[in-house]
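From first to last, the protein sequence lines stand for chains A and B.
Take the position in the first sequence, starting the count at 1, then add 863; the result is the number in our numbering.
Take the position in the second sequence, starting the count at 1, then add 3; the result is the number in our numbering.
Where a beta carbon is used, it is the ideal one built from N, C-alpha and C, also for glycine.
Quick caveat: nothing in here was measured; it's all calculated off a predicted structure.
What follows is one structure encoded as structure tokens, with my remarks underneath.
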Amino acid sequence: DSGVTQTPKHLITATGQRVTLRCSPRSGDLSVYWYQQSLDQGLQFLIQYYNGEERAKGNILERFSAQQFPDLHSELNLSSLELGDSALYFCASSGSSGLPTDTQYFGPGTRLTVL
Amino acid sequence: AQKVTQAQTEISVVEKEDVTLDCVYETRDTTYYLFWYKQPPSGELVFLIRRNSFDEQNEISGRYSWNFQKSTSSFNFTITASQVVDSAVYFCALSLTMDTGRRALTFGSGTRLQVQP
């Protein structure tokens, strides 16, 4: 158990809908990262937050957004969902430096299925 | 281009065999970190090792060992006396600087290891 929690574990929804994925980092970690794992794209970095502020952005679509709250939990919002958004979404957290050179500990993931 | 290549898509071995998973990387950063993660069938990503570019010493942890060679830009992972529980997808990752100037973790495509009893 990495100490990172993600909810829900599974999510099934329809095209055009909007969903919110939730992540709680390990105790004491200030950075939260979001990744998408799909069969065709592999593991892709989406976005990083550090202590409530956006720190780095990867290949995140404009339909997707995230935020980190004062209690350091984070939410990833996916809207206008398409079939191709079906994937495993991981959250990871790391320690106080905010640098991705720190070890990132991953949550169990949320499997999103868009029908 | 900056990237991580894991050329072996799938490897199948019989229990107790030794197996090496290859990882080759490209980066323009002079300081960087390399990682290995394991993804068992249950789906979670489990951290195995982190190595910085200044530390070329090989590392051993039980049946696991890592060979970092900066000259060939490789960071290979060997499992000695493999066990069925080692069956998983293994990812090599590199922290690199994106075009935005920010660093991010980039993953290889993974190697699926099947250990047969």
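Taking 8 Å as the cut-off, decide whether the C-beta atoms of A/Glu938 and A/Thr883 are in contact. yes
Run through the segment 903-955 of chain A for me and flag every whole beta strand (DSSP E) of 3 or more residues, listed as ranges in chain order. 905-913, 916-920, 927-931 and 937-941
Measure from the alpha carbon of A/Gly866 to the alpha carbon of each residue in A/Arg881, A/Asp892 and A/Lys872, then state which is nearest. Closest in C-alpha terms to A/Gly866, from the list A/Arg881, A/Asp892 and A/Lys872, comes A/Asp892.
Mind listing which residues of the segment 927-956 of chain A have their C-beta closer than 9 Å to chain B's C-betas, in chain order? Leu951, Phe953 and Ala955
Please report the residue range of the beta strand (DSSP E) in which B/Asn55 lies. Val49 to Asn55
If distances are taken between C-alpha atoms only, which option among A/Gly915, A/Ser957, A/Leu935 and A/Leu941 comes closest to A/Ile923? Nearest of A/Gly915, A/Ser957, A/Leu935 and A/Leu941 to A/Ile923, Cα basis: A/Leu941.
Taking the beta strand (DSSP E) that B/Asn96 belongs to, which residues open and close that run? Before going further, note that residue 96 of chain B is Ala rather than Asn in the sequence given. Run containing B/Ala96: Ala91 to Thr100, per the beta strand (DSSP E) assignment.
Chain A within 8 Å of B/Ala107, Cβ atoms only: yes
For A/Val895, list the residues DSSP reports as bridge partners. A/Tyr912 and A/Ser956
8 Å Cβ shell around A/Thr876 - same chain, five flanking residues per side excluded: Val882, Leu944, Leu975, Thr976, Val977 and Leu978
Give the C-beta separation of B/Ile26 and B/Gly111 to the nearest angstrom, bearing in mind that I take them to be a contact with Cβ-Cβ under 8 Å. Rather than Ile, the amino acid found at residue 26 of chain B in this sequence is Cys. Yes, B/Cys26 and B/Gly111 are in contact; Cβ-Cβ is about 6 Å, under 8 Å.
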